[in-house]
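These protein sequence lines map, in sequence, to chains A and B. Take the first sequence: its position 20, counting from 1, is numbered 16 in my numbering, and each next residue is one higher. So the mapping is simple: my numbering equals the position in the second sequence, first residue as 1, plus 33.
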Amino acid sequence: MREWQPLAELAGNYDALADIFERELVAVNGFMHRVESDDEARARMLDLVHDAKIVGVSESARPFGVEAALMNANIALASSRAELEKADAGISGGLCAIAETGTLVVTSGFGEARLVSLLPPKHIALVRAQQFVPNVMTALRVVREKFGDNFPANVTFITGPSRTADIELSLSIGVHGPGELHVIMIK
Amino acid sequence: MSIPVTFVDRADAAIKNPQLQRTLEAATTKYVGHRASAFARLGAEGERLRDRGKEIRANTLAHLDQYLETLARNVEKNGGVVHWAKDAAEAREIIIRLARERNVKLVAKAKSMVGEEIEINHALEAAGITPVETDLGEYIVQLAHERPSHIIAPIFHKSKEQVAELFSREFGRQVEPDIPTLVKLARATLREKFLQAEMGFSGVNFAIAETGTIAIVTNEGNGRMCTSVPRIHVALMGLEKVVPTWDEFAVLLGLLPRSGTGQQISVYTTMISGPKRTNDPDGPEEFHLVILDNGRTKLLSGELREALQCIRCGACLNICPVYGQIGGHAYGWVYPGPIGSLLTPSYAGLREYADLPHASSLCGACRDVCPVRIDIPRMLVALRTQEVKQGARPFIEDAIFKLTAFVLGNSVLYSLASKFGHFAQLPFARRGRLPSLPLMGRWTQARDFPIVQAKTFHERWKDLNREGHKEREEKK
């Protein structure tokens, strides 16, 4: 075996990949929401932040039109680090999503703020079905293709909310990273 | 409670500690089970993955200088700075200098075994700089002024009551021994530190030469925090941690979490390629990679080279019957368990840690579970041989083995010894066993020798042959 390529045969079969992704994400205490349109995605997102005062939105979430929706709902957008530190949720997009492990891939670059998916206690990510890839190796290739020689300073694989079992091997969800992860997938 | 000085005393204390025994049993059983499930899920593919992992690690070591050069070049291309440290002292000096030059008062640290190896915390404190461990287990270890007792789970050895007690002392108020409360308190406290610290310090799980990228595998998010929030990020790595390409990194990433905790992948895998770029709204302004030797190139040229293949998963600790009885602290240094029994004598002195290569029955369970198939038992024996050659064994042991070799090598002496032994053992024989022997009190504490028989095999064979002849003659 020259390369580690699980589920390679499902490349391009977005429904199947999404099913597997959902199974893996739920197994690590993440939440998956499947919607049919950008409108539905925005509505679902608003549901998830209905009691938020401030929300951080990163560059990769902009294409989904979330900022306008948030402003209409009277939820403030974090415009500084200090505000992001107090934000109730962070909303981002993602580069791709790995079915095999239920992993969301986020990268810095193109104006993306890393801390939006890290500082607030809740992270909501919006992805499209076509962004699903079978395995880690494919995801790494997507990163190389997008950035070429200008490799981003940070690529992070996010697989569920933060956790620890350090104390008596008892599982606790929500440590330093977000304690809640929601992935909204648009067909 | 002071820590006993010798390995045997530390091991003894561990065996007599009921809480540690309970914790070790529960924890090792759990991790062994999780690892087994994760690999069962992979089936035959898992075995191929391990073979590939071994190949990758062995190949990397065979061309280590080349890959390190490529790594350094690419880190610098990304805007990072590479520092080469030949030993712990040099590494400390580099890091302290960086911190001083940049007026660093607080360092947020993500978990790093190699950081423990160079004792960076003491050095920082001595320089008037405050290090804060941010991995929950390491934070607790820091509060307790202890060492972590396991590579992956630093506080294997602590109960929630002990943690609550530590927190109560630290925060000057009564803290309940309730795990969610403890985690929440740690989160709030450490969050402040992440946001305040001028420098973030991390280890490196893998350094990908192809793009000058370091990968950090965590579950808590502190790895991301330490490497994204403070304005300077310093990463310390042993020079054996380099991986040539992303494809090969993907293989090792498939092995590490499964072997260590049974997870397919950790919650966060952070891949850092230099400081933030001009248009990045956040991220550190400076990235420094310190590449440490500290005895590794010496291993590279010897019989213990394979030990450098280790990817620090902890699987050998979890399966080892010795570790399972004595825990991590008994090993006396940074790296415990089977791999520790190779690395500690190699990095911290064979004479000082002469007992560790002997803390094994050579059962091979470690080799069976190692994700990159390191043959630990072979190297334990090699270290034992080195000890004998260096005269590092106790005089009595050396004398007994030399005498035995002499007697066994001479057939006349051997026969005499058997006869003599048969009589000499009489005072010590109990019901066909020798439960205790002079000069070998410790050895026979947990072992019984069989008695020396009245007749040797040769004598019995002669007798039986004679009887057989007689019978055949009588039948005729």
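Built from N, CA and C at the ideal position, the CB exists for glycine as well.
Inset, instruction - Can you grab the Cα-Cα spacing for the pair L223(B) / E102(B), in whole Å? - result: Along the second sequence, read from residue 1 onward, the residue named residue 223(B) stands at position 190. Along the second sequence, read from residue 1 onward, the residue named residue 102(B) stands at position 69. Straight-line Cα distance between these residues: approximately 36 Å.
Inset, instruction - Mind the definition here: the region 347 to 354 of chain B touches the region 368 to 378 of chain B only if three or more C-beta pairs lie below 8 Å; say whether that holds. - result: yes
Legend entry - Contact under 8 Å by Cβ, E171(B) with K191(B): Taking the second sequence and counting its residues from 1, the one referred to as residue 171(B) is at position 138. Taking the second sequence and counting its residues from 1, the one referred to as residue 191(B) is at position 158. No, these two residues do not count as a Cβ contact at 8 Å.
Inset, instruction - For S88(A), name the three-state secondary structure that DSSP assigns. - result: Counted from its first residue, the first sequence places residue 88(A) at position 92. S88(A): strand per DSSP, three-state reduction.
Inset, instruction - Whole angstroms is fine: what's the gap from K503(B)'s alpha carbon to K509(B)'s? - result: In the second sequence, the residue the question calls residue 503(B) occupies position 470. In the second sequence, the residue the question calls residue 509(B) occupies position 476. Whole-angstrom Cα-Cα distance: 10 Å.
Inset, instruction - Decide yes or no for the touch test of the region 113 to 127 of chain A against the region 38 to 57 of chain A: beta carbon pairs closer than 8 Å, at least 3 of them. - result: yes
Inset, instruction - From the DSSP output, in three-state form, read off A230(B) for me. - result: Looking up residue 230(B) in the second sequence gives position 197. Note: A230(B) maps to coil in three-state DSSP.
Inset, instruction - Please report how far the alpha carbon of R90(B) lies from the alpha carbon of A72(A), in whole angstroms. - result: Locating residue 90(B) in the second sequence gives position 57, where the first residue counts as 1. Locating residue 72(A) in the first sequence gives position 76, where the first residue counts as 1. The alpha-carbon atoms of R90(B) and A72(A) are separated by roughly 50 Å.
Legend entry - chain B contact for S168(A) (CB, 8 Å cutoff): For the purposes of this step, residue 168(A) is identified with residue 172 of the first sequence, where counting begins at 1. True, the Cβ-Cβ gap to chain B drops below 8 Å.
Legend entry - Unbroken alpha helix (DSSP H) run spanning T103(A), endpoints: Against the first sequence, residue 103(A) aligns to sequence position 107. Careful: T103(A) lies outside any alpha helix (DSSP H), inside the beta strand (DSSP E) at T99 to T103.
Legend entry - Boundaries of the alpha helix (DSSP H) in which T103(B) is found, first to last residue: Start at 1 with the first residue of the second sequence, and residue 103(B) comes out as number 70. Its alpha helix (DSSP H) spans residues L97 to K110.
Legend entry - Exposure of D43(A), with buried meaning 16 or more beta-carbon neighbours within 10 Å: Here residue 43(A) refers to the residue found at position 47 when the first sequence is read from its first residue. Around the CB of D43(A), fewer than 16 other CB atoms lie within 10 Å, so the residue is classed as exposed.
Legend entry - Segment contact flag, the region 299 to 309 of chain B with the region 241 to 250 of chain B, C-beta cutoff 8 Å, min 3 pairs: yes
Legend entry - Under 8 Å between C-beta atoms of S76(A) and G316(B): On the first sequence, position 80 is the one that residue 76(A) refers to. On the second sequence, position 283 is the one that residue 316(B) refers to. Not closer than 8 Å, so no.
Legend entry - Neighbourhood of Q175(B) by C-beta distance below 6 Å, restricted to the same chain and skipping five residues each side: For the purposes of this step, residue 175(B) is taken as the residue at position 142 of the second sequence. Taking C-beta separations shorter than 6 Å and ignoring five residues to either side along the sequence, the partners of Q175(B) in its chain run E166, following chain order.
Inset, instruction - Please report how far the alpha carbon of L337(B) lies from the alpha carbon of Y100(B), in whole angstroms. - result: Within the second sequence, residue 337(B) is the residue found at index 304, counting from 1. Within the second sequence, residue 100(B) is the residue found at index 67, counting from 1. Each residue's alpha carbon lies about 20 Å from the other.
Inset, instruction - Could you tell me whether the region 349 to 366 of chain B touches the region 392 to 400 of chain B, where touching means 3 or more Cβ pairs closer than 8 Å? - result: yes
Legend entry - In chain order, each alpha helix (DSSP H) run of at least 4 residues that lies wholly inside the region 461 to 493 of chain B: 474 to 478
Legend entry - Neighbouring residues, chain A, relative to P187(B) (Cβ below 9 Å): On the second sequence, position 154 is the one that residue 187(B) refers to. Within chain A, the residues near P187(B) are D162.
Legend entry - Proximal chain A residues relative to L214(B), where beta-carbon distance stays under 8 Å: The sequence position of residue 214(B) within the second sequence is 181, counting from 1. With the sequence shown as reference, residue 214(B) is identified as Thr, and Leu is not the correct amino acid for it. Correct list: empty, because the minimum Cβ distance to chain A is about 10 Å.
Legend entry - Beta-carbon proximity list for S113(A), same chain, < 6 Å, skipping 5 on both sides: Residue 113(A) sits at position 117 when you count from the first residue of the first sequence. Correct list, in chain order: G86, S88, V102 and H119.
Legend entry - Contacting positions in the region 77 to 89 of chain A - beta carbon closer than 7 Å to chain B: E81
Inset, instruction - Take A177(B) and list the residues in its own chain whose beta-carbon comes closer than 7 Å to its own, dropping the five residues that flank it on each side. - result: For the purposes of this step, residue 177(B) is taken as residue 144 along the second sequence, with counting starting at 1. Cβ within range, chain order: L199.
Legend entry - Reduced DSSP secondary structure (H/G/I, E/B, other) of M34(B): What you label residue 34(B) is simply residue 1 of the second sequence in a count that begins at 1. Here the model assigns M34(B) a pLDDT of 47, short of 50, so the residue's position is not dependable, and the following value carries that caveat. Reduced to three states, the DSSP call for M34(B) is coil.
Inset, instruction - Rounded to whole angstroms, what's the CA-CA distance from E225(B) to F189(B)? Just pull it up for me. - result: Along the second sequence, one-based indexing puts residue 225(B) at 192. Along the second sequence, one-based indexing puts residue 189(B) at 156. Approximately 26 Å between the Cα atoms of the pair.
Legend entry - Nearest candidate by alpha-carbon position, reference E123(B), set L269(B), N252(B), K110(B) and L97(B): Within the second sequence, residue 123(B) is the residue found at index 90, counting from 1. Taking only the C-alpha atoms, the option nearest E123(B) is L269(B).
Inset, instruction - Can you grab the Cα-Cα spacing for the pair S448(B) / I433(B), in whole Å? - result: Translated into positions along the second sequence, residue 448(B) becomes position 415. Translated into positions along the second sequence, residue 433(B) becomes position 400. If you take the alpha carbons of S448(B) and I433(B), they lie about 18 Å apart.
Legend entry - Between the CA atoms of C399(B) and R137(A) - distance to the nearest angstrom: Taking the first residue of the first sequence as position 1, residue 137(A) is located at position 141. Taking the first residue of the second sequence as position 1, residue 399(B) is located at position 366. Between the C-alpha atoms of R137(A) and C399(B) there is a straight-line separation of about 34 Å.
Inset, instruction - Determine the direct distance from the alpha carbon of P314(B) to that of G52(A), and round the result to whole angstroms. - result: By one-based count along the first sequence, residue 52(A) stands at place 56. By one-based count along the second sequence, residue 314(B) stands at place 281. Using only the alpha carbons, I get a separation of about 13 Å.
Inset, instruction - Could you give the DSSP three-state label for Y368(B): helix, strand or coil? - result: Stepping through the second sequence from its first residue, residue 368(B) is reached at position 335. The answer is coil: DSSP assigns Y368(B) none of H, G, I, E or B.
Inset, instruction - Establish whether the CB of N150(A) and some CB of chain B are separated by less than 8 Å. - result: Working through the first sequence from its first residue, we reach residue 150(A) at position 154. It does: the Cβ of N150(A) has a partner Cβ on chain B nearer than 8 Å.
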